Structure formats: structure tokens, C-alpha cells
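Okay, so here's the structure we're looking at.
Numbering (the numbering used here), first residue to last: 2 to 224.
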């Protein structure tokens, strides 16, 4: 297989789903399914794609099953938090397959949680093709773990469109939370140069992803 399997390539490897058929449960996939691809994360979480095209996404006590062909359309990242940055479908088609699948899985378990909480369920929640069953209570650390995965993958995707210098500046500014002056002092350059470079990097991300990113352009007094 290719070193990098894009979402588009993976979709070509499996047949489109027959939606009149019942979506298999994780148990059925685990017992009878043939694994095609698997992406593992921390804390035993994973995305597992089967030859049938179905994807089992598991994170803690949260599980969902959907078809890889359902990973389509634009994605409004952070919409539930009032941000709503829209990343175009075309971008995901050319990214590694697991990035859009991770977003899809996170969205489905989140929708499942909301539905189950709405009817007062108290058991473990498993979503099959976005059809919610029972929902279980879990620690905040487990609930938040998906957000961390998504943020990490989104940051990785955005960093790929930047130059090495721009990635370094964005990392220091937004991940290490350094001020422009601190970055400038550490690199031995003027603060104005840092500000301009950061702005250029953010603008490049905005153009590439075709969304209005909710960030403040670095034009203020960063001390």
C-alpha cells in the first residue's frame, strides 16, 4: 500500500454502502470483520477500517460505527462551541484518511451523547450510523479526550501548509503560548518581524482552508 493513503484513495478501495442493510455493531465487526486499516491513539482509542468499508471508532466508553463513504461534505469544526470554522470537503479528500474519519467519529458520538442525555439515559452509549442507543456517565477526562485528539489533528493539518519557519513561529506563539517579544528575543530578531511572519502564516492557513479562522491577527501590543 501507499505510504500515505488519502481519504479519496481509501474510498476507491471499498464499495459504497447499501443503506438498506443494518449497520454492524462493534462486536460483529470485531468477530467477523477483516481489518483493512487501523489508526491508534492514546488511551487505547482507535479508528479501525474494515474491508466492508465500515469504520469502528472507539474512545474510552464511547463507540460509533459508520461507513467511510459517509465521510463527505464540508466540516464545521468547533460549531458546537460557537466557532464554526468550515473546512472544505476537497481538502479532506487529499489528506490522510483518518483525519476526516476522526472528525466524523467525534461528531457522531457527540450527537449521540446529546440525544441520550435528552432522554435521561444512564448506560453506556454506542452510536451505530448516528443512531444513538444508551449513554453512560464518564469522567471529564474521558469526555475531553476526543477534543484533544481533534485539536491535535487539526493543528497537524494546518501546519502542513506552512514553511518550516512559519511552523516554528506558530508553534511557539499558540502552543507554547509565548509572546511575540519572547519569540523575538529567543530568535535574535525584531518583534515586528515576528508579528509580520505570524500574520502571514495565519493568512496562508485561512486561504488554504477557505474558512474564516477565529484568531486575532497579531497587530496589538504583545508584551
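C-beta: ideal position from N, C-alpha, C; glycine also. In this text the structure is predicted, and so the values were computed from the model without any measurement.
Asked                                                                                                                                                                           : Found
For the alpha helix (DSSP H) containing residue 181, list its first residue and its last residue.                                                                               : 181–188
Please name the residue, chosen from 201, 5, 186, 191, that lies closest to residue 95 on a Cα-to-Cα basis.                                                                     : 5
Kindly identify the DSSP beta-bridge partner or partners of residue 40.                                                                                                         : 48
How long is the line joining the alpha carbons of residue 181 and residue 189, rounded to whole angstroms?                                                                      : 12 Å
Can you tell me which of 47, 36, 88, 59 puts its alpha carbon nearest to the alpha carbon of residue 53?                                                                        : 36
Just to confirm, is the Cβ distance from residue 163 to residue 198 under 8 Å?                                                                                                  : no
My output table needs one value for residue 161: the three-state DSSP class, helix, strand or coil.                                                                             : coil
Going by DSSP, what residue range makes up the beta strand (DSSP E) through residue 66?                                                                                         : 63–68
Tell me which same chain residues have a C-beta within less than 6 Å of the C-beta of residue 58, skipping the five on either side of it?                                       : 48, 65, 106
Leaving out five residues before and five after residue 202 in sequence, what residues of the same chain have Cβ atoms less than 7 Å from its Cβ?                               : 163, 167, 170, 171
What does DSSP give as the partner residues of residue 7 in its beta bridges?                                                                                                   : 97
Using only CA atoms, which one of 103, 176, 97, 72 lies nearest to residue 90?                                                                                                  : 72
In the structure shown, what three-state DSSP assignment does residue 110 receive?                                                                                              : helix
Does the beta-carbon of residue 205, which I'm using as the reference point, lie nearer than 7 Å to any heavy atom of the ligand FAD?                                           : As for the ligand FAD, it is missing from this structure, which has no ligand bound.
Classify residue 174 as buried or exposed, calling it buried when 16 or more other Cβ atoms lie within 10 Å of its own Cβ.                                                      : buried
In terms of alpha-carbon separation, which member of 187, 206, 207, 10 lies closest to residue 98?                                                                              : 10
Within the same chain, show all residues whose beta-carbon is closer than 6 Å to that of residue 101, passing over the 5 residues directly before and after it, in chain order. : 8, 72, 93
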